[in-house]
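Engineer:
2 protein chains.
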Amino acid sequence: MPKIVDAEARRQEVVEAVFRIIASDGLERASLREVADEAGLAVGSVRHYFVSSDELLVHSFAVVIDRIAGRLEEAYAVVESLDKASAEHDAAVLTLLGQFLPLDEQLAVDACVWMAFRHAARIRPVLEPEAARSHRAVAAVVGRLVMRLMPDGGSIQEHLVTEAERLLATLDGLCMHALLQPEWMTAEVCRDVLTAHLETLVAVPSNR
Amino acid sequence: MPKIVDAEARRQEVVEAVFRIIASDGLERASLREVADEAGLAVGSVRHYFVSSDELLVHSFAVVIDRIAGRLEEAYAVVESLDKASAEHDAAVLTLLGQFLPLDEQLAVDACVWMAFRHAARIRPVLEPEAARSHRAVAAVVGRLVMRLMPDGGSIQEHLVTEAERLLATLDGLCMHALLQPEWMTAEVCRDVLTAHLETLVAVPSNR
DNA sequence: AACTTTTTAGCACAAACGTGCTTGAACCGT
DNA sequence: ACGGTTCAAGCACGTTTGTGCTAAAAAGTT
Chain A
1 MPKIVDAEAR RQEVVEAVFR IIASDGLERA SLREVADEAG LAVGSVRHYF
51 VSSDELLVHS FAVVIDRIAG RLEEAYAVVE SLDKASAEHD AAVLTLLGQF
101 LPLDEQLAVD ACVWMAFRHA ARIRPVLEPE AARSHRAVAA VVGRLVMRLM
151 PDGGSIQEHL VTEAERLLAT LDGLCMHALL QPEWMTAEVC RDVLTAHLET
201 LVAVPSNR
Chain B
1001 MPKIVDAEAR RQEVVEAVFR IIASDGLERA SLREVADEAG LAVGSVRHYF
1051 VSSDELLVHS FAVVIDRIAG RLEEAYAVVE SLDKASAEHD AAVLTLLGQF
1101 LPLDEQLAVD ACVWMAFRHA ARIRPVLEPE AARSHRAVAA VVGRLVMRLM
1151 PDGGSIQEHL VTEAERLLAT LDGLCMHALL QPEWMTAEVC RDVLTAHLET
1201 LVAVPSNR
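Chains A and B, in that order, are what the protein sequence lines are.
Note that the working numbering has the first sequence beginning at 1, numbered continuously upward.
Note that the working numbering has the second sequence beginning at 1001, numbered continuously upward.
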């Protein structure tokens, strides 16, 4: 039998190298040579764990999606465990929504990588399936949250879809601005915008 | 004197070629050779009008910013010319906000290009000044609009900033989704989300 | 007709890229 | 101790990129 190496762990190390490169230098710099250097390996070694550059990138995309979706599900479970009217509930909702934003270093890397891959997927067909999965996973959690938060429980299908999409758009927009214009979009502004949005979600206008 | 050619018009043609390439194949494919082919010129010719690849890209970024900002100012002038309570006013506001979204082919190209450059500016320092200018220009219009739409005229500075940033984030998020997930984010959903947002902007919760 | 200056075109080079392929090195079971 | 399998590393080839440089074509002025 061969040399024993935890192959999955090695793959994960390479993926982490990909993340660091994308966060600091962008997706276009995530070449095999750069990734190998960042991971402290040779190009041939990286290619031993990932058949092609495409496979490496698609797998990296999948990993970041799973990480984000996992955090969201976890945070949503907390929300669901609390009483709807309690103050802890509101705090838990803010914590959930904060998982989208680059509020700490780990979240910032994930947000960078996520954004980069989603935008790249518009052009590169290999990334498209994962982009669609990412959208479905996030929309599912946000949809459940909106259903829980809306006063009528989201009974009117059209309003639910609109409000879910509205929250999703605001989140992605906030994430974008926090990544691209960090000097204008501080963590505090993010929080203010989110709380303002939540107030508008609870208080549905009467004329609808 | 030399061969007479309208240099500015030629530059514009090259820029249009850049736009088409970015919209269809992404910014990373906007190389000198690709641009020259798309514009029907030789690489040397393109380089005669743009000293370097960087200058071409920065100038293209500036052009798309001017185009978008121009449309916004134009649409805002219409809004300002109408009575605040009229139905035409609401329609004009929707028209203004629609300038951000890829609702027709021209807007879609501009939105693609704008997004691509803004994201690239995170990594490429040469693009950063234009990205900052773009943010200021758009924020100015949106800020004025929010000030006009808020019931108290945006007299409380913090609320104004928050609401302006909230609208800006929603717009960018909508634009992103419309570009990346066009099958989920139709023009109709965009309109619904925007009208819902405007309702929440007019009806400020009492506890604030 | 000759000259000058702009415009257009193209060559050549170094650098970086993905990938097919080969070569040692490491290590476990026999 | 040995053999077979996996891991690690690297070479080589064809592309593509930006850019410095050269040179031909075009056209108004003299």
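The beta-carbon is built from N, C-alpha and C at its ideal position, and this holds for glycine as well.
Are the beta-carbon atoms of L72 of chain A and Q99 of chain A separated by less than 8 Å?
Structural biologist: yes
Engineer: In or out: A91 of chain A buried (at least 16 other Cβ within 10 Å) or exposed?
Structural biologist: exposed
Engineer: Report the residue from B:A1042, B:E1016, B:D1025 whose alpha carbon sits nearest the alpha carbon of R1033 of chain B.
Structural biologist: B:A1042
Engineer: Which stretch, first to last residue, makes up the alpha helix (DSSP H) that contains G173 of chain A?
Structural biologist: Counting along the chain, the unbroken alpha helix (DSSP H) around G173 of chain A starts and ends at 157-180.
Engineer: Kindly indicate if chain B contains any beta-carbon less than 8 Å away from that of T170 of chain A.
Structural biologist: Yes, because at least one Cβ of chain B sits closer than 8 Å to the Cβ of T170 of chain A.
Engineer: Give the straight-line distance between the Cα atoms of E214 of chain A and I21 of chain A, rounded to the nearest whole angstrom.
Structural biologist: Given that chain A is displayed from residue 1 to residue 208, the structure contains no residue 214 of chain A and the question cannot be resolved.
Engineer: Is DSSP giving L1082 of chain B helix, strand or coil here?
Structural biologist: Note: L1082 of chain B maps to coil in three-state DSSP.
Engineer: Report the option in A:V193, A:V35, A:E183 whose CA atom is closest to the CA atom of A1132 of chain B.
Structural biologist: A:E183
Engineer: Excluding the 5 residues preceding and the 5 following L103 of chain A in the sequence, name in chain order all residues of the same chain whose CB lies nearer than 7 Å to its CB.
Structural biologist: A187
Engineer: Can you name, in chain order, every residue of its own chain whose Cβ lies under 6 Å from the Cβ of L82 of chain A, other than the five neighbours on each side?
Structural biologist: Cβ within range, chain order: E88, H89, A92.
Engineer: What residues from chain A crowd round L1174 of chain B, counting only those whose CB sits closer than 7 Å?
Structural biologist: Residues of chain A whose Cβ lies closer than 7 Å to the Cβ of L1174 of chain B are, in chain order, A169.
Engineer: Using a Cβ-Cβ distance under 8 Å, would V1291 of chain B count as near chain A?
Structural biologist: Since the displayed chain B opens at 1001 and closes at 1208, residue 1291 of chain B lies outside it and no answer follows.
Engineer: Measure the beta-carbon distance from L1101 of chain B to A1116 of chain B and round it to whole angstroms, keeping in mind my assumption that it falls under 8 Å.
Structural biologist: No, L1101 of chain B and A1116 of chain B are not in contact; Cβ-Cβ is about 16 Å, not under 8 Å.
Engineer: In whole angstroms, what is the alpha-carbon distance linking C1190 of chain B and I1065 of chain B?
Structural biologist: 22 Å
Engineer: State the DSSP-derived secondary structure class of D1054 of chain B, mapped to helix, strand or coil.
Structural biologist: helix
Engineer: DSSP state of L72 of chain A, grouped into three classes?
Structural biologist: L72 of chain A falls in the helix class under three-state DSSP.
Engineer: I need the straight-line Cα distance from A1164 of chain B to A17 of chain A, nearest angstrom please.
Structural biologist: 37 Å
Engineer: Using the Cα positions of H1177 of chain B and E38 of chain A, report the straight-line distance between them to the nearest angstrom.
Structural biologist: 32 Å
Engineer: Figure out for me which residue from A:E158, A:L168, A:V146, A:L27 has the closest Cα to the Cα of E80 of chain A.
Structural biologist: In this structure, A:V146 is the residue among A:E158, A:L168, A:V146, A:L27 with its C-alpha nearest to the C-alpha of E80 of chain A.
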